[in-house]
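Protein chains in written order, with my numbering: chain A, 47 to 304; chain B, 9 to 474.
All residues carry an ideal CB built from backbone N, CA and C; glycine is no exception.
Taking it in order: structure first as structure tokens, then the write-up.
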Amino acid sequence: MEEQFANLKPIFYGIFGKQKNIVYEKPKFAERKIADMLKELSKISLLDWERYAFSRDPLVGRISPYKRKEYMQKSWECGMEWADRLKSEYGNLSAEDLAKKLGMETEYPILPENTDRVLFAEFREPNNIKIYMDAVNKAKKYLFDGDIKGIFCDANIVDILLLHELFHSIEEKYKKEIYTRVEKIELWSIGFFHYKSNIIALSEIAAMGFAYKYSKITFSPYILDVLLVYGYSQNEASGLYEEIMELVDDNERKHDER
Amino acid sequence: MEYIIGIILLLTFFGLAWYCISGNNLMIGFLIISIIWAVLSFAGTLGSSPAFLEENKILQFAGMKGVMDALNTIFQKAPEDWGSTLVNVCWGAWFGRVLMETGIASTLIRKTVELGGDKPMITIALLNIVTAIIFTAMMGAGPVIAIGVIVLPILMSLGIPKAIAMFSFMGSVCAGIYINPVIFAQCRAFFIEKDAVPEFNLGWYASKWGFVAMIILLITTTVLSGVYLTKSKTSHAWAATVRKSAQTKDAPFYTLILPIVPVALKIALNFSVIAGFVIAGFLALFLCGKMKGNFKENCQLVNKLFYDGVVDTAPLVGFLLTLPMFNKVAAYAAPYFKVLLGGIFPKNELVLCVVFTVLLFMGLFRGPLTLFGCGAATLGVVMRIGDFSLPFLYALFAIPTITVNIGSCITQSWVAWGLAYTKVESKDFLKLSIPNAYIAGILQYVAAFILLGSLGGNWLMSAILK
């Protein structure tokens, strides 16, 4: 009944109200406590995030499950390798100092988000990184919860976001040799002409691996997707959690079948 | 007296423009202005000069019965006649929902992206073409949002700045709308009654100018996206996108042709648009396995899609139901406008094209050049003051309505949604969309002048409105 009333709203506005625009009706999900969700998500092993990691890639339909696993492993290793490499090169610098060392200009704007797409951080070529603090500030209050504290320990969310974006800057600098840029997939060919493309998910996975290794956290940075969205909408975060769990379960089921 | 009435009418016209630009309800606005114009036009005959009345047969009422007939034509017959267009709108909205439900639209987008890969410019070009094709058949905020939540994250994941992604997507949606049969039927109803000038159908319009206008907008949007892209820096964002649709399964390959079936049938064979929607819609539902339930369940699905589709178009329906009253009453007000503006109004197609090109910005914010705003009032005046051909006038107003209002203005429902979704500032979007509106608009006016500027004889409004 409530839904029908909501659907009739635009007709009402069309006739009586201001010329209101139609808005997208967000799906409703069973809302969950953030601590419960993070606890479950933290149990997912690092490489089992593979289906979620690829689910946002435009080329996901062209990559076989077998290839996906291989890409996941290699990309994650690539990110970790670069974390080690930078540590050995520059010493054990903080994320912020590393950013300075790499010539990055880091900004921390407070930009309110809407929940359709929550933007956490952004690297803009050649050397600008923005960490959107509104999402971080909203999430901070949950970190005092005992269960969540157990998962996050002393992890600094801003550092994780910054390190993730720093990896993209490293990719740019070493694009001729870094795995995530060298690895390509053939999309189509005509005669001798072969059209190849990079896979965006590889960059994102490696950036997660880099942030994971460099910041020495014990959980997958992908968890932050749910935590940082939760500050805006418990419903949307629950939807995201459901999707992740479905993808992971499906993956495990396929493992078992094999 | 006719001069005084003319001046008052002109003032009410500007009042309506202000009312529309302020974002007030269009249905109520047009209802009020219809009543005001009817009162002024009818009352004006009491004190106008005999020569003026002699010259304008429409204002010779022959007693109370004549006045009643005129009022009935304005407030009863005109909106009733528009009912047939409304039916097309509803079926078109249903078909849009079917393409979403079956996953045909999303599959088309995904397959297109898989051809382009990580090269932003190639992907933008391919996506623009496919999006335009999709929106030759789909319409309304619901379908645009449904496709937008697929296309925009893809473009942004390729490192395309969000403002450019948004601009490119909205421009390509708008390009498709140029030959969308439902929009054509809606806009056509602004000019003439449904049964008048049957030669002016989608097939004729599309082959003479519609396709050209669509291609121009598609090219300018794509080229400008490329230009903007070369000036901007690639970005890599960490963002969480909540998946809106559970529909990730690809629709069968052979069903991807279905979105163009209604338009193709209409253009090639002048086949019924509604029948085209029904055939293609049910084929889509059956071929994509959506009708596997029992009869009752299948009926419920079809019904739900129809309901959702109608809700998609609801905000404009009220406005479009009072608009025919206004169009009709404008005929009675026109003689007064003619007295006032007839001497200074351009009589030449080229001059009119130049004037409209310069004033294209007036299509923004529901201003006096967009038919989905105050432009309906302008049309009422222009149509009756000058004597131009119907197709030329159609193109004259379609450009500010479609290219400027629907494609470039933040008052368009789905553009407003896109701004909220991508978090692009209004001014950043307008900085990209207004240059495109002008470049595309100029080229489209050139095409309109060359292709439609010299139509005469039975195409002239004086012959049609006789």
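{"Item": "With distances taken between CB atoms, is the gap from A/Leu212 to A/Met150 smaller than 8 Å?", "Value": "yes"}
{"Item": "Helix, strand or coil: which one does DSSP assign to B/Thr411?", "Value": "helix"}
{"Item": "Comparing the C-beta of A/Pro155 with each C-beta of chain B, is any distance below 8 Å?", "Value": "no"}
{"Item": "Among B/Ala445, B/Thr81, B/Leu459 and B/Leu440, which residue has its Cα nearest to the Cα of B/Tyr236?", "Value": "B/Leu440"}
{"Item": "What residues match up with A/Lys242 in a beta bridge as DSSP calls it?", "Value": "A/Glu232"}
{"Item": "Shortest alpha-carbon distance to B/Ile442 belongs to which of B/Phe175, B/Ala183, B/Ile200 and B/Gly234?", "Value": "B/Phe175"}
{"Item": "I'd like to know if B/Phe38 contacts chain A, where contact means its C-beta is closer than 8 Å to some C-beta of that chain.", "Value": "no"}
{"Item": "Quick one: does A/His214 have its CB under 8 Å from some CB of chain B?", "Value": "yes"}
{"Item": "Counting only the same chain and skipping the five closest in sequence on each side, list residues whose C-beta sits under 8 Å from that of A/Ile175.", "Value": "Ala145, Met150, Glu151, Thr152, Glu153, Ala167, Glu168, Phe169, Leu208, Glu211, Leu212 and Ser215"}
{"Item": "Give me the Cβ distance between B/Gly388 and B/Phe334, rounded to the nearest whole Å; I'm assuming they're in contact under 8 Å.", "Value": "7 Å"}
{"Item": "How about B/Met9 and B/Ser56: are their beta carbons less than 8 Å apart?", "Value": "yes"}
{"Item": "Looking at C-alpha atoms only, which residue of B/Glu357, B/Val271, B/Lys431 and B/Ile414 is the closest neighbour of B/Leu398?", "Value": "B/Glu357"}
{"Item": "Taking the straight line between their C-alpha atoms, what separation do you get for B/Ala341 and B/Leu404?", "Value": "21 Å"}
{"Item": "Regarding B/Lys241 and the ligand ATP, is the C-beta to nearest heavy atom distance less than 7 Å?", "Value": "In the structure on display, the ligand ATP does not appear, and there are no ligands present to speak of."}
{"Item": "Which two residues bound the contiguous alpha helix (DSSP H) that contains B/Asn136?", "Value": "Pro128 to Ile142"}
{"Item": "Would you tell me roughly how many angstroms separate the C-alpha atoms of B/Leu451 and B/Ile224, rounded to the nearest one?", "Value": "7 Å"}
{"Item": "Just the C-alpha distance for B/Phe143 and B/Val181, rounded to the nearest angstrom, thanks.", "Value": "6 Å"}
{"Item": "Using DSSP with H/G/I as helix, E/B as strand and the rest coil, what is A/Glu151?", "Value": "strand"}
{"Item": "Grab me the residues of B/Gly156's own chain with a C-beta within less than 8 Å of its C-beta, minus the 5 sequence neighbours each way, in chain order.", "Value": "Phe177, Trp422, Trp425, Gly426 and Tyr429"}
{"Item": "Report buried or exposed for B/Phe38, applying the criterion of at least 16 other Cβ atoms within 10 angstroms of its Cβ.", "Value": "buried"}
{"Item": "Determine the burial state of A/Glu282: buried for a count of at least 16 other Cβ atoms within 10 Å of its Cβ, exposed for fewer.", "Value": "buried"}
{"Item": "With 8 Å as the threshold, decide whether the Cβ of B/Lys127 is near any Cβ in chain A.", "Value": "yes"}
{"Item": "Since A/Lys259 and A/Met126 are thought to touch, with beta carbons under 8 Å apart, how far apart are those beta carbons, to the nearest angstrom?", "Value": "4 Å"}
{"Item": "Could you tell me which residues DSSP pairs with A/Glu168 in its beta bridges?", "Value": "A/Lys176 and B/Ala245"}
{"Item": "Buried or exposed: where does B/Gln84 fall if 16 or more other Cβ atoms within 10 Å of its Cβ makes it buried?", "Value": "exposed"}
{"Item": "What's the gap between the Cα of A/Arg227 and the Cα of A/Leu248?", "Value": "8 Å"}
{"Item": "Tell me A/Arg163's beta-bridge partners as DSSP assigns them.", "Value": "B/Thr249"}
{"Item": "For the alpha helix (DSSP H) containing A/Arg131, name the first residue and the last one.", "Value": "Pro111 to Tyr136"}
{"Item": "Do you know offhand how far A/Asp143's Cα is from A/Asp205's?", "Value": "11 Å"}
{"Item": "State buried or exposed for B/Lys336, treating a residue as buried only when at least 16 other CB atoms are found within 10 Å of its CB.", "Value": "buried"}
{"Item": "Give a yes or no on whether the minimum CB-CB distance between B/Glu109 and chain A is below 8 Å.", "Value": "no"}
{"Item": "Using a threshold of 8 Å, state whether the C-beta atoms of B/Ile162 and B/Leu264 are closer than that.", "Value": "no"}
{"Item": "Going straight from the alpha carbon of B/Ile312 to that of B/Thr110, what length do you get?", "Value": "Position check: residue 312 of chain B holds Lys in this sequence, whereas Ile was assumed. Cα to Cα, B/Lys312 sits roughly 13 Å from B/Thr110."}
{"Item": "Would you report the Cα separation of B/Pro206 and B/Ile200, rounded to the nearest angstrom?", "Value": "10 Å"}
{"Item": "Taking 6 Å as the limit between beta carbons, can you name the residues of its chain near B/Met129, skipping five residues before and five after?", "Value": "Gly234"}
{"Item": "For A/Ala76 and A/Ile194, which I take to be in contact (beta-carbon distance under 8 Å), what is that distance rounded to the nearest angstrom?", "Value": "The Cβ separation is near 20 Å, so there is no contact."}
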